[in-house]
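Reviewing the structure listed below.
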Amino acid sequence: MLSSSLSGEEDEIAPTILMLMERRRIVAGGAGAVPLAAALWKGDTRIKASNCVLLISGENIDVNLIDRIIARGLAKTGRIIRIAVNLRDIPGSLATISRIIAAGGGNILHIYRDRISKGIPIGYTKVVLELETAGSDHIQEILGKLKEDYAVELA
């Protein structure tokens with residue numbers, strides 16, 4: 013069963029569950045999605061080179077866990093990313109970076125600001141942005157634009 017703390021191979025199960033939800037409208041439990049996850053993420057050539065049937069089953073999946081599975085799946089497939097940028101703590105700096113992201117077609121889901129942590133210079137604020145994108149290539153486009161003016165790191 014998929015536990016509340018996803019890790020390791022479960023990182024491959026979460027995007028598989030998400031894919032089943034999106035493409036087939038199937039809500040499969042963690043154990044029920046394992047056969048498809050193995051075929052997709054492990055790259056087993058025996059499965060891909062032959063005719064086979066994968067049994068996908070449902071279970072009583074915890075509704076609170078579905079949110080975490082979706083978030084993990086979106087992150088794994090490159091549709092949600094967190095980046096961190098040190099910005100001058102002056103009016104308009106957040107608006108400027110927001111315009112760059114919007115012009116690139118990204119959507120800001122969450123913004124976290126930190127002025128007091130170690131390593132943040134006085135007069136600056138560390139901004140962590142959670143972005144929704146169309147995928148890995150889209151992320152690279154947005155990061156390329158941001159890196160023209162900012163030191164951007166993955167958060």
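Going by our numbering, the letters in the sequence shown line up with residues 13 to 167, in that order. Glycine included, each C-beta is placed from N, C-alpha and C at the ideal position.
Using the three-state DSSP reduction, which class does residue i fall into: helix, strand or coil?
i           : result
residue 138 : strand
residue 96  : strand
residue 67  : coil
residue 26  : helix
residue 32  : helix
For residue i, which residues of its own chain have a beta-carbon under 7 Å away from its beta-carbon, when the five flanking residues on both sides are left out?
i           : result
residue 39  : 33, 70 and 73
residue 136 : 98, 99, 100 and 101
residue 25  : 14, 42, 45, 46 and 49
residue 28  : 45, 48, 49 and 52
residue 153 : 116
residue 151 : 90, 93 and 145
Skipping 5 residues on each side, what residues in its chain have a beta carbon closer than 8 Å to that of residue i?
i           : result
residue 110 : 120
residue 158 : 95, 97, 109, 112, 113 and 164
residue 155 : 95 and 164
Answer yes or no: do residue i and residue j have a C-beta to C-beta separation smaller than 9 Å?
i           : j           : result
residue 86  : residue 30  : yes
residue 115 : residue 164 : no
residue 91  : residue 166 : no
residue 128 : residue 161 : no
Between which two residues does the beta strand (DSSP E) holding residue i run?
i           : result
residue 149 : Taken as a continuous stretch (DSSP letters only), residue 149 belongs to no beta strand (DSSP E), being part of the alpha helix (DSSP H) at 148-159.
Mind checking which residues open and close the alpha helix (DSSP H) that includes residue i?
i           : result
residue 75  : 75-88
residue 120 : From DSSP, residue 120 is part of no alpha helix (DSSP H) but of the beta strand (DSSP E) over 119-126.
residue 52  : 42-53
residue 166 : It is not in any alpha helix (DSSP H) - residue 166 instead sits in the beta strand (DSSP E) that spans 164-166.
residue 108 : 105-115
Near residue i, which residues of its chain fall below 6 Å by C-beta distance, leaving aside the five closest residues on each side in sequence?
i           : result
residue 8   : No information on residue 8 is available, as it lies outside the stretch 13 to 167 that the chain covers here.
residue 125 : 137 and 139
Q. With a cut-off of 8 Å, do at least 3 Cβ pairs link the region 139-150 to the region 105-121?
A. yes
Q) Using 8 Å as the Cβ pair cut-off and three pairs as the minimum, do the region 73-81 and the region 89-107 touch? A) no
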